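Under UniProt numbering, the letters of the sequence shown match residues 1 to 351, in that order. Beta carbons are placed, not taken as given, at the ideal position from N, Cα and C, and that holds for glycine. Nothing here was measured: the structure is a model prediction, and the numbers come from that model.
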Amino acid sequence: MSVSRRGSYGLMMIAGLLAGCAGEVPIETRIANALPAAMVQAKGETEAVATANADAADDPAIWRNAGNPAASLIVGTDKKAGLHVYGLDGRSRDFAAAGLVNNVALVRASDGRVIVVASDRNDPARAKIALYALDTVAAKLSPIGKVDAGAGEAYGICTYAPPAASSDTLVQVVSVLKGGSIALIEIAKDLSAKTVRTWKVPTQAEGCVVESVSGAVYVGEEDVGIWRFSILGDDTQGRLIARADGKQLVADVEGLAIAFGERRYLVASSQGDNAYTVYSLPDHRYLGRFRIAAGRFGPVEETDGIELKMGDFGPDYPQGLFVAQDGMNEPRAQNFKLVSWADVKAALGLE
Numbered sequence: 001m002s003v004s005r006r007g008s009y010g011l012m013m014i015a016g017l018l019a020g021c022a023g024e025v026p027i028e029t030r031i032a033n034a035l036p037a038a039m040v041q042a043k044g045e046t047e048a049v050a051t052a053n054a055d056a057a058d059d060p061a062i063w064r065n066a067g068n069p070a071a072s073l074i075v076g077t078d079k080k081a082g083l084h085v086y087g088l089d090g091r092s093r094d095f096a097a098a099g100l101v102n103n104v105a106l107v108r109a110s111d112g113r114v115i116v117v118a119s120d121r122n123d124p125a126r127a128k129i130a131l132y133a134l135d136t137v138a139a140k141l142s143p144i145g146k147v148d149a150g151a152g153e154a155y156g157i158c159t160y161a162p163p164a165a166s167s168d169t170l171v172q173v174v175s176v177l178k179g180g181s182i183a184l185i186e187i188a189k190d191l192s193a194k195t196v197r198t199w200k201v202p203t204q205a206e207g208c209v210v211e212s213v214s215g216a217v218y219v220g221e222e223d224v225g226i227w228r229f230s231i232l233g234d235d236t237q238g239r240l241i242a243r244a245d246g247k248q249l250v251a252d253v254e255g256l257a258i259a260f261g262e263r264r265y266l267v268a269s270s271q272g273d274n275a276y277t278v279y280s281l282p283d284h285r286y287l288g289r290f291r292i293a294a295g296r297f298g299p300v301e302e303t304d305g306i307e308l309k310m311g312d313f314g315p316d317y318p319q320g321l322f323v324a325q326d327g328m329n330e331p332r333a334q335n336f337k338l339v340s341w342a343d344v345k346a347a348l349g350l351e
């Protein structure tokens, strides 16, 4: 979540923001100080979340329909109210009233269902993981239940698909608490849960993504940078692979996503200058930056969560779909923008 919001959320909130952010570097200066960013435009957008005049939309997850790409779905959080299910046309097909759910991820479980997991922060002192089954034909969410994720406020979440798992396992989830505690939690089909691994970063963290083949877990420490941890082996010490230096990556470090394929890329929301930074994997080499510029669907600013899925999503997204939360979207409430990954690759000269 960004330190400041520049949207018109009411005179009192604006006054509070101006008073609280008097010492903050202006966005124009942060953009000028950062490395240049290529420009792409969104090719679609979702309907705005229902919570108006607030920092509400946060994080997306993508389900790809391989047989009918046009029928693919996006699950997005309204972190004040619940979970939306959107079609690629941007229309909200379903809404699950879940209260304060921050981040979301989905995975095909061992029993064949598509399971949606969300970081549930309804109790800020005790984190929960909320689980839903996604009916991909009806585009509907059905609640499964909640499991405990430890003391602290639930914030980030991502899924791990191990090469082999117990037949009793439903899903494995990486849970990130606001204070920087990170845990790999194995959730069984009976909703019992056990913590498999734990890690820690010093300050507030949120975004995470797992490269399941290598067992690498990437976590964004918002004011510091991107950490890499390993699910495999016994080492609990992470490695800072990208620092929020104000050049390549500008704090807050927010959503993280991976482009899987013959060549793999790590993408991070460089929220402080309305950009996205791309690194190669597995060597974490900086490759460039891009912004979503004004076009038919407007520019994208102050992005929290992002998601990236490879494959054919139809003529507008032939090589993959990148979805980013739009922290502004004025004059409407916040929403999610859809971008062709082919456009990003072309803009940055990626293979």
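| query | result |
| --- | --- |
| Just curious, the beta strand (DSSP E) that Asp89 is in, first and last residue? | From DSSP, Asp89 is part of no beta strand (DSSP E); its letter is neither H nor E. |
| How would you write the range of the beta strand (DSSP E) that Ala257 sits in, first residue to last? | Val253 to Ala259 |
| Let me make sure I understand the geometry here. Which of Gly82, Thr195 and Glu221 has the alpha-carbon closest to that of Gln204? | Glu221 |
| Pick helix, strand or coil for Glu28, following the three-state DSSP scheme. | helix |
| Which stretch, first to last residue, makes up the beta strand (DSSP E) that contains Leu141? | Lys140 to Ala151 |
| Does the beta-carbon of Leu191 have 16 or more other beta-carbons within 10 angstroms, so that it is buried, or is it exposed? | exposed |
| What's the gap between the Cα of Leu17 and the Cα of Glu24? | Unreliable positioning characterises Leu17 in this predicted model, as indicated by a pLDDT of 40, which lies under 50. The coordinate reading is nonetheless provided below. Those two C-alpha atoms are separated by around 10 Å. |
| Quick one: grab the DSSP three-state call for Gln204. | coil |
| Answer yes or no: the CB of Gly238 versus the heavy atoms of the ligand GTP, is any distance below 8 Å? | Annotation note on the ligand GTP: not contained in the displayed structure, which lists no ligands. |
| Starting from Ala188, follow the beta strand (DSSP E) in both directions and report where the run begins and ends. | Ser181 to Ala188 |
| From Pro282 to Gly288, what does the alpha carbon distance come to, in whole angstroms? | 16 Å |
| With three or more C-beta pairs closer than 8 Å as the rule, is the region 64-74 touching the region 295-304? | no |
| Using a Cβ-Cβ cut-off of 9 Å, state whether Thr46 counts as contacting chain B. | Considering every chain present, this structure includes no chain B. It has just one protein chain. |
| If Tyr155 and Gln172 are in contact, beta carbons under 8 Å, what's the gap, nearest whole angstrom? | So it is not a contact: roughly 18 Å between Cβ atoms. |
| Does the pairing of the region 95-102 with the region 114-123 give three or more beta-carbon distances under 8 Å? | yes |
| Provide the residue span of the beta strand (DSSP E) that contains Lys247, from first to last. | Lys247 -> no beta strand (DSSP E), and no H or E assigned at all. |
| State the DSSP-derived secondary structure class of Gln319, mapped to helix, strand or coil. | coil |
| Identify every residue that forms a DSSP beta bridge with Val177. | Here the sequence assigns Leu to residue 177, which means Val is not the residue at that position. Leu177 pairs with Ala154. |
| Buried or exposed: Val213, going by 16 or more other Cβ atoms within 10 Å of its Cβ? | exposed |
| Check whether the region 267-287 touches the region 238-252, taking contact to mean three or more Cβ pairs, one atom from each stretch, closer than 8 Å. | yes |
| Taking the C-alpha atoms as reference points, what is the distance between Pro143 and Val85? | 14 Å |
| Alpha carbon to alpha carbon, what distance is there between Val176 and Gly207? | 8 Å |
| So which of Gly180, Thr169, Ser167 and Val278 has the shortest CA-CA distance to Ile157? | Gly180 |
| Can you check DSSP and say which residues form a bridge with Phe313? | DSSP output for Phe313 lists no bridge partner at all. |
| If we ignore side chains and look at the alpha-carbon of each, how far apart do Ser340 and Val75 end up? | 18 Å |
| Excluding the 5 residues flanking Ala139 on each side, which residues of the same chain have their C-beta closer than 8 Å to its C-beta? | Leu73, Val85, Gly87, Arg93 and Asp94 |
| Determine, using beta carbons only, whether Tyr218 and Ile185 come nearer to each other than 9 Å. | no |
| Would you grab the beta carbon distance between Asp316 and Gly44 for me? Rounded to a whole angstrom, and I think it's under 8 Å. | 7 Å |
| Give the straight-line distance between the Cα atoms of Ile129 and Ile231, rounded to the nearest whole angstrom. | 19 Å |
| Less than 8 Å between C-beta atoms, sequence neighbours within five positions excluded: which residues of the same chain meet that for Val201? | Gly180, Ile182, Val219, Glu221, Val224, Trp227 and Gly238 |
| Taking the alpha-carbon positions, what's the Asp168 to Asp135 distance? | 22 Å |
| Kindly identify the DSSP beta-bridge partner or partners of Ser110. | None; Ser110 has no bridge partner. |
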